[in-house]
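Report on the structure given below.
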Amino acid sequence: MADPRFFTPQGPFDLATLAGFAAATLADDADPDKTVKDVATLDGAGPDDISFLDNLLYRDQFASSGAGACVVAPKFAALAPEGMSLLLSEAPYKAYALIARAFYPETRSETGIAAGAVVHDTAHVAADGFVAAGAVVGAGAEIGARSVVGVNAVIGEGVIIGEDTQIGACASLSHCRVGHRVIVHPGASIGQDGFGFAPDPEGHVKVPQLGRVVIEDDVEIGANATIDRGSGPDTVIGRGSKIDNLVQIGHNVQIGKGCFVVAQVGISGSTRIGDHVSLAGQAGLIGHLKIGDGARVGAQAGVARDVPAGATVAGSPAVPVIQWHRQTAALARLVKPKGSNR
Amino acid sequence: MADPRFFTPQGPFDLATLAGFAAATLADDADPDKTVKDVATLDGAGPDDISFLDNLLYRDQFASSGAGACVVAPKFAALAPEGMSLLLSEAPYKAYALIARAFYPETRSETGIAAGAVVHDTAHVAADGFVAAGAVVGAGAEIGARSVVGVNAVIGEGVIIGEDTQIGACASLSHCRVGHRVIVHPGASIGQDGFGFAPDPEGHVKVPQLGRVVIEDDVEIGANATIDRGSGPDTVIGRGSKIDNLVQIGHNVQIGKGCFVVAQVGISGSTRIGDHVSLAGQAGLIGHLKIGDGARVGAQAGVARDVPAGATVAGSPAVPVIQWHRQTAALARLVKPKGSNR
Amino acid sequence: MADPRFFTPQGPFDLATLAGFAAATLADDADPDKTVKDVATLDGAGPDDISFLDNLLYRDQFASSGAGACVVAPKFAALAPEGMSLLLSEAPYKAYALIARAFYPETRSETGIAAGAVVHDTAHVAADGFVAAGAVVGAGAEIGARSVVGVNAVIGEGVIIGEDTQIGACASLSHCRVGHRVIVHPGASIGQDGFGFAPDPEGHVKVPQLGRVVIEDDVEIGANATIDRGSGPDTVIGRGSKIDNLVQIGHNVQIGKGCFVVAQVGISGSTRIGDHVSLAGQAGLIGHLKIGDGARVGAQAGVARDVPAGATVAGSPAVPVIQWHRQTAALARLVKPKGSNR
Numbered sequence: 000m001a002d003p004r005f006f007t008p009q010g011p012f013d014l015a016t017l018a019g020f021a022a023a024t025l026a027d028d029a030d031p032d033k034t035v036k037d038v039a040t041l042d043g044a045g046p047d048d049i050s051f052l053d054n055l056l057y058r059d060q061f062a063s064s065g066a067g068a069c070v071v072a073p074k075f076a077a078l079a080p081e082g083m084s085l086l087l088s089e090a091p092y093k094a095y096a097l098i099a100r101a102f103y104p105e106t107r108s109e110t111g112i113a114a115g116a117v118v119h120d121t122a123h124v125a126a127d128g129f130v131a132a133g134a135v136v137g138a139g140a141e142i143g144a145r146s147v148v149g150v151n152a153v154i155g156e157g158v159i160i161g162e163d164t165q166i167g168a169c170a171s172l173s174h175c176r177v178g179h180r181v182i183v184h185p186g187a188s189i190g191q192d193g194f195g196f197a198p199d200p201e202g203h204v205k206v207p208q209l210g211r212v213v214i215e216d217d218v219e220i221g222a223n224a225t226i227d228r229g230s231g232p233d234t235v236i237g238r239g240s241k242i243d244n245l246v247q248i249g250h251n252v253q254i255g256k257g258c259f260v261v262a263q264v265g266i267s268g269s270t271r272i273g274d275h276v277s278l279a280g281q282a283g284l285i286g287h288l289k290i291g292d293g294a295r296v297g298a299q300a301g302v303a304r305d306v307p308a309g310a311t312v313a314g315s316p317a318v319p320v321i322q323w324h325r326q327t328a329a330l331a332r333l334v335k336p337k338g339s340n341r
Numbered sequence: 000m001a002d003p004r005f006f007t008p009q010g011p012f013d014l015a016t017l018a019g020f021a022a023a024t025l026a027d028d029a030d031p032d033k034t035v036k037d038v039a040t041l042d043g044a045g046p047d048d049i050s051f052l053d054n055l056l057y058r059d060q061f062a063s064s065g066a067g068a069c070v071v072a073p074k075f076a077a078l079a080p081e082g083m084s085l086l087l088s089e090a091p092y093k094a095y096a097l098i099a100r101a102f103y104p105e106t107r108s109e110t111g112i113a114a115g116a117v118v119h120d121t122a123h124v125a126a127d128g129f130v131a132a133g134a135v136v137g138a139g140a141e142i143g144a145r146s147v148v149g150v151n152a153v154i155g156e157g158v159i160i161g162e163d164t165q166i167g168a169c170a171s172l173s174h175c176r177v178g179h180r181v182i183v184h185p186g187a188s189i190g191q192d193g194f195g196f197a198p199d200p201e202g203h204v205k206v207p208q209l210g211r212v213v214i215e216d217d218v219e220i221g222a223n224a225t226i227d228r229g230s231g232p233d234t235v236i237g238r239g240s241k242i243d244n245l246v247q248i249g250h251n252v253q254i255g256k257g258c259f260v261v262a263q264v265g266i267s268g269s270t271r272i273g274d275h276v277s278l279a280g281q282a283g284l285i286g287h288l289k290i291g292d293g294a295r296v297g298a299q300a301g302v303a304r305d306v307p308a309g310a311t312v313a314g315s316p317a318v319p320v321i322q323w324h325r326q327t328a329a330l331a332r333l334v335k336p337k338g339s340n341r
Numbered sequence: 000m001a002d003p004r005f006f007t008p009q010g011p012f013d014l015a016t017l018a019g020f021a022a023a024t025l026a027d028d029a030d031p032d033k034t035v036k037d038v039a040t041l042d043g044a045g046p047d048d049i050s051f052l053d054n055l056l057y058r059d060q061f062a063s064s065g066a067g068a069c070v071v072a073p074k075f076a077a078l079a080p081e082g083m084s085l086l087l088s089e090a091p092y093k094a095y096a097l098i099a100r101a102f103y104p105e106t107r108s109e110t111g112i113a114a115g116a117v118v119h120d121t122a123h124v125a126a127d128g129f130v131a132a133g134a135v136v137g138a139g140a141e142i143g144a145r146s147v148v149g150v151n152a153v154i155g156e157g158v159i160i161g162e163d164t165q166i167g168a169c170a171s172l173s174h175c176r177v178g179h180r181v182i183v184h185p186g187a188s189i190g191q192d193g194f195g196f197a198p199d200p201e202g203h204v205k206v207p208q209l210g211r212v213v214i215e216d217d218v219e220i221g222a223n224a225t226i227d228r229g230s231g232p233d234t235v236i237g238r239g240s241k242i243d244n245l246v247q248i249g250h251n252v253q254i255g256k257g258c259f260v261v262a263q264v265g266i267s268g269s270t271r272i273g274d275h276v277s278l279a280g281q282a283g284l285i286g287h288l289k290i291g292d293g294a295r296v297g298a299q300a301g302v303a304r305d306v307p308a309g310a311t312v313a314g315s316p317a318v319p320v321i322q323w324h325r326q327t328a329a330l331a332r333l334v335k336p337k338g339s340n341r
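If you want it as structure tokens, here you go:
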């Protein structure tokens, strides 16, 4: 299914092997030796493909899918069409992800410094690292083993990049330390001055920004996202957190481990976010807040107060999500014609 | 009026010729042979310039304008000052646009591969295409006739660019097919991985993103906008749709034909948008929605449900625009001092 | 405190000297000859460091800080721990900024055209200017004294850059005039076409954008921000205004002097903003508005009407901030259980 201009599948694999990759259970009537050649969407799959059902919005596509095999939660197995081989998993999307990664592993063959790249004499690029055409690596920078600096990307003086990390095209990094297995997508700007001024009617006074950005292992930073370096403390993105496109992270912000920060979120300076926090798209957080572990912030929420661990907030200004639903309903009732049952 | 450092007008043209370009009607008392040398704003125009009135906010500037000629709707012709020659059109802004394009046609003289560009041996650039300094074109990519790859832009492996298309400076494209007469503005990032993870407390699992971005003919993509490639299906921007700066478009999103997506809008994954839809600035749409043909979404709206064809919604969460106006008014009344008539 | 990979302090300085830099008053019991070696945060400072207290959120850190010296407002001096030398200032953050700039002045040693840069024959770069690797400077462009064009940045044809100005990595400028002491951060896109179309069901007609972007002295433009050039008039950013990351500024917008425009704000076309206006994060302004001098717009506000000078507005749609607080409270009361005193 994937366009061969861009993707080349590995495989084929038999169902038993795929079940092993996915930590899934083969349904009783499935043939463990059946061969699968590719992954596909429910409506695009054929008899040699494997697909998945995770979101019940797509149950009709599942019921009519021509996929030879499918990953599904046990409770929805009965919805499957005749003849489809099932891999059962309580986490079907994760199971699919593991299967898809077997068919399409990340591969990289180039190493060294491409023609047209500029690497400073005092920078160090690991022998099996790669600096692509047009990329510029500054004085004293370090690029770790198997890491890639993409086309026209910029690695500033002294920046440290760990191992197995990928820096996207046209991304710009300065004043930062980046861990292992990090992905920075194209156009991200990391490590520039934060928005620090002492306001003054005679002319705002710029405050030197003396901290860094620290990006821990397994983080992903979206395209055209911006992360300012700390003003003195560091700005920190914790291990395994995933930052989406066009997100703004202000100076001194600390994000914990395993968080999701969805597209176009803005986090103002010095706010601290715990572990496994989820910030939905376009949410905004003012500065100097504490957001507890496991908290969830709704899309477009405007957070102006601390959020306790485990809480879910929504609305602008943000309130507990139950209150937000009630407010929304109450507001709708205010304008309902009198006597209306709608 | 336009700064000659940056712009050189064609012409002059006589009024009859301009009326022809604009499909406008010359007013009875206008001299078809009168010469016009340039376009200008109402308040900056002189006797050799042509201007236009489209927004009644500017009626006073129209009434006092020194423009020698002006495009205006017939119903507002009576507001014109003495001595101004009028071109009458029911679509005065479009008429002005056509006249301005006659004075300032898009021109491009350079062809070939500039010094400092890097084009892979297996890429194909049309003989009359142009790859600017610092641009990098990857293996197997194709650049069509009269198309331009801007300074420091990046065209990834296998990407196909149609004819008469312009890719802006520092834009980055991968995994995509781009049509004819497309404009991609500077800094746009197109085709990177979507935000696809199977959440897992042990470490979120990245899901391979195996689709493409398909950009149809006559599309415009704004500066620093981001468009993720599909996860399996493609992300599609339909013919003639105009996407503004800093817009985020998630994986698998499908946008129909002739849409306007204004700055800083965010569209989450798998949402499908019909033809001639208008999304105003900073609106956000959650994933897996269907927005019908001709629908209109207000600025900063938060759309969490399907929107029927032709409907207009506003607010966060978004409701029909009439309800939103009523809710806004009801909320204001709640806090009005008792007995107040304000 | 600052990582020596990235920062090297000047100094040391004695307290009397620092008080002079900061226009602060030395407390009676402070030794003017005491030596200070660096700036530091309250909780990271030691006996050789100077810190500051500006936000009372951090009063406990102040009271327990090990900083040898600290800048503080006179009214909070009594909160200081034993043995801390105090510099008293009614503007402690500004005073700290001036001290930090003494320890960490902006320095730049390189001049000329770096290897790998491309400067057009007809461009002019001041002898003590610097064009970094991978940067491209177009025909007829002018780069003023002591100004820097960053790595992989793009300066379009005819662009004029003043003196002591810094253009960040991967930034792209066209059709603009930039003043003195301006900072453009990485990835900003300035001067591209505005979003100007005459809507037409047969295919929207692109309107030539014939104005420029004018950036006055002492302006700062954030990372990945976008500023469209005027459609005929210019887009103007007034002297000393500070624009944060990911801000969108539409065509013909005029921003006055000394404004703060915080991250992810969007300003639609032709809106005029006075002097010393503050727009908080993610606020959105529709087009053709007038925002008076000294006005303040709250975070996420949606401004659809003119705002008088000195007014503060909040909410979407934006209303006077007092009304917004009342509406927020009234809405919360609507859903409070009856008889509740919460």
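Chains as they are written, first to last, in numbering that gives the first Met the number 0: chain A, 0 to 341; chain B, 0 to 341; chain C, 0 to 341.
Quick reminder that beta carbons are idealized off the backbone N, C-alpha and C, glycines included.
The structure presented is a predicted model; accordingly, all values stated were derived computationally and were not measured.
Any C-beta of chain C under 9 Å from that of residue i
i, result
"His179 of chain B", "no"
"Asp243 of chain A", "no"
"His343 of chain A", "An answer regarding residue 343 of chain A cannot be provided, because it is not within the stretch 0 to 341 covered by chain A."
CB contact below 9 Å: residue i versus chain B
i, result
"Gly221 of chain C", "no"
"Ile159 of chain C", "yes"
"Ala262 of chain A", "yes"
"Gly155 of chain A", "no"
"Gly143 of chain C", "no"
Residue nearest to residue i in terms of C-alpha spacing, selected from the options
i, options, result
"Gly202 of chain C", "B:Leu97, B:Gly45, B:Ser171, B:Ala26", "B:Leu97"
"Phe6 of chain A", "B:Gly229, B:Pro316, B:Lys335", "B:Gly229"
"Ala322 of chain B", "A:Gln322, A:Arg325, A:Ala329", "One detail in the question is off: residue 322 of chain B reads as Gln in this sequence, not Ala. Among A:Gln322, A:Arg325, A:Ala329, the Cα nearest to that of Gln322 of chain B belongs to A:Ala329."
"Glu141 of chain A", "A:Val158, A:Phe129, A:Asp37, A:Val150", "A:Val158"
"Ile236 of chain C", "C:Arg271, C:Gln263, C:Val204", "C:Arg271"
"Val183 of chain B", "B:Phe194, B:Gly139, B:Phe51, B:Val246", "B:Val246"
"Phe75 of chain C", "C:Gly67, C:Gly82, C:Ala66, C:Arg58", "C:Arg58"
"Tyr92 of chain A", "B:Asp217, B:Asn223, B:Asp199", "B:Asp199"
"Ser173 of chain A", "A:Ala152, A:Asp127, A:Asp30", "A:Ala152"
CB contact below 9 Å: residue i versus chain E
i, result
"Val206 of chain C", "Looking at the structure shown, chain E is missing, and the protein chains on hand are A, B and C."
Residue i to residue j span [Cα, whole Å]
i, j, result
"Gly167 of chain A", "Phe196 of chain B", "19 Å"
"Gly115 of chain A", "Gly273 of chain A", "42 Å"
"Glu219 of chain A", "Thr106 of chain A", "18 Å"
"Val135 of chain B", "Arg100 of chain B", "31 Å"
"Val130 of chain A", "Ala132 of chain C", "15 Å"
"Ala350 of chain B", "Ala313 of chain C", "No answer is possible for residue 350 of chain B: the residues shown for chain B start at 0 and end at 341."
"Gly19 of chain A", "Ala125 of chain A", "34 Å"
"Pro352 of chain B", "Val296 of chain B", "No answer is possible for residue 352 of chain B: the residues shown for chain B start at 0 and end at 341."
Per-residue burial, residue i [other beta carbons within 10 Å of its own, 16 or more giving buried]
i, result
"Ala187 of chain B", "buried"
"Thr121 of chain B", "exposed"
"Gly249 of chain B", "buried"
"Glu89 of chain A", "exposed"
"Pro185 of chain B", "buried"
Beta-carbon separation (whole angstroms), residue i vs residue j, contact threshold 8 Å
i, j, result
"Gly280 of chain C", "Ala294 of chain C", "Rounded, the Cβ-Cβ distance is 16 Å, inconsistent with contact."
Neighbour flag for residue i against chain A, beta carbons, 9 Å
i, result
"Leu278 of chain B", "no"
Any non-hydrogen atom of the ligand COA within 8 Å of residue i CB
i, result
"Thr110 of chain C", "This structure lacks the ligand COA; in fact it carries no ligand of any kind."
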